[in-house]
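Everything in the sequence shown is counted per my numbering, starting at 258 for the first residue and increasing by one.
A short worksheet on the structure shown next.
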Amino acid sequence: FISMAQQRGKESREKTDGYPSKAILQLQFLLGLSLTVVIFFGGYVYCDSIPVPNEESMTFKVAYTFRCALFTAICLLILILSTAIKRDALGAINPLAGKEHLIQVDKNVLTNTVEQFLVYLVSVMALATYLDTPEQLKLIPLYTTAFIVGRVLFRIGYGINPGYRSVGMTINIVSSVYIVGFTLYLMYTKGFMHNITASGGVPSTLRAGREEL
């Protein structure tokens, strides 16, 4: 029994060897949380140079949001291209050739970024439909900035040690939870059909067309 316990202890040390301690992980969480607050609060309150459309039309808001989302798509595209280039350089083009371990970090980062991108895109588009003023629209580029900063720090940390990816992951998760929660709050207070239909249940675009006729 003693030898078995010693063996298990050795295996446990091997698994955790080089991985940050719990205190370091907690420090990373606090750092990621602080950076998220700085991006959103600091950017919203103190950054007046953020370009936002003055029009309150849904068309302008959706177009503005898609243009901001383009930068997150570029971030994802860079990861896709870098992973493909690394596959070619390391001779891991064939995923069944037994060389997947050489690009495991890149694969993990890419997979997680795709997941985060899907959450970002759906939540940011839903949020845009509830923002009624140019001031509120500043949340769109701020959320985009948080996404990109989080992904960059996630990739850098993961490349150093998988345990150091927590700062970037915290930024992405906390910002997504904030945006989704805020959107649900707006949905509750303003109604599910806010900005979708005008008075009487007639879509605003059709209503405008009838007035022109």
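Beta carbons are placed, not taken as given, at the ideal position from N, Cα and C, and that holds for glycine.
Cα-Cα separation between residue i and residue j, rounded to whole angstroms
| i | j | result |
| --- | --- | --- |
| Ser-432 | Ala-341 | 29 Å |
| Val-437 | Ser-380 | 6 Å |
| Val-371 | Ala-403 | 15 Å |
| Leu-375 | Ala-354 | 30 Å |
| Val-319 | Tyr-276 | 43 Å |
| Ser-339 | Leu-384 | 31 Å |
| Gly-458 | Thr-401 | Here the model assigns Gly-458 a pLDDT of 43, short of 50, so the residue's position is not dependable and the matter cannot be decided. |
| Pro-308 | Pro-419 | 36 Å |
| Lys-343 | Ser-423 | 24 Å |
| Asn-369 | Tyr-445 | 30 Å |
| Gly-414 | Gly-299 | 24 Å |
| Leu-388 | Cys-304 | 18 Å |
| Lys-279 | Glu-392 | 40 Å |
| Leu-288 | Lys-364 | 25 Å |
| Leu-336 | Leu-290 | 24 Å |
| Gly-448 | Leu-334 | 36 Å |
| Ser-306 | Ile-281 | 36 Å |
Cutoff 8 Å; reference residue i; Cβ partners in own chain excluding five residues on either side
| i | result |
| --- | --- |
| Tyr-301 | Lys-395, Leu-396 and Leu-399 |
| Leu-378 | Ala-326 and Thr-329 |
| Arg-324 | none |
| Val-406 | Leu-292, Ile-296, Gly-425 and Ile-428 |
| Gln-373 | Phe-404, Gly-407, Arg-408, Asn-429 and Ser-433 |
| Tyr-435 | Thr-293 and Phe-297 |
Rounded Cβ spacing between residue i and residue j (contact assumed at less than 8 Å)
| i | j | result |
| --- | --- | --- |
| Leu-359 | Leu-367 | With a Cβ gap of about 14 Å, Leu-359 and Leu-367 do not count as contacting. |
| Gln-283 | Tyr-421 | The pair is not a contact, with the Cβ atoms about 13 Å apart (cut-off 8 Å). |
| Thr-322 | Met-382 | 6 Å |
Minimum Cβ-Cβ distance from residue i to chain D less than 8 Å
| i | result |
| --- | --- |
| Phe-328 | Note that chain D does not occur in the displayed structure, where there is just one protein chain. |
Close-in-space but distant-in-sequence residues of the same chain around residue i (CB under 7 Å, 5 per side omitted)
| i | result |
| --- | --- |
| Gln-263 | The predicted position of Gln-263 is uncertain, since its pLDDT is 49 and thus under 50; a value taken from the coordinates is nonetheless stated next. Cβ within range, chain order: n/a, list empty. |
| Gly-416 | Val-362 |
| Met-450 | none |
| Leu-443 | Tyr-387 |
Cβ shell of residue i (< 6 Å), same chain only, five flanking positions each side left out
| i | result |
| --- | --- |
| Arg-412 | Val-366 |
| Glu-268 | Residue confidence is low: Glu-268 scores 49 on pLDDT, short of 50, so the model does not pin down where it sits. Its coordinate-derived value is still stated next. Once the five neighbours on either side are set aside, Glu-268 has no close Cβ partner at all. |
| Ala-349 | Lys-356, Leu-359 and Ile-360 |
| Cys-332 | Ile-405 and Arg-408 |
| Asn-311 | Pro-391 |
| Leu-410 | Val-424 and Gly-425 |
Enclosing alpha helix (DSSP H) for residue i [first to last residue]
| i | result |
| --- | --- |
| Tyr-301 | 300-303 |
| Val-294 | 279-294 |
Hey, which unbroken runs of the alpha helix (DSSP H) at 4 residues or more fall wholly within the segment 385-435?
396-417
Minimum length 3: unbroken beta strand (DSSP E) runs contained in the segment 315-381:
none
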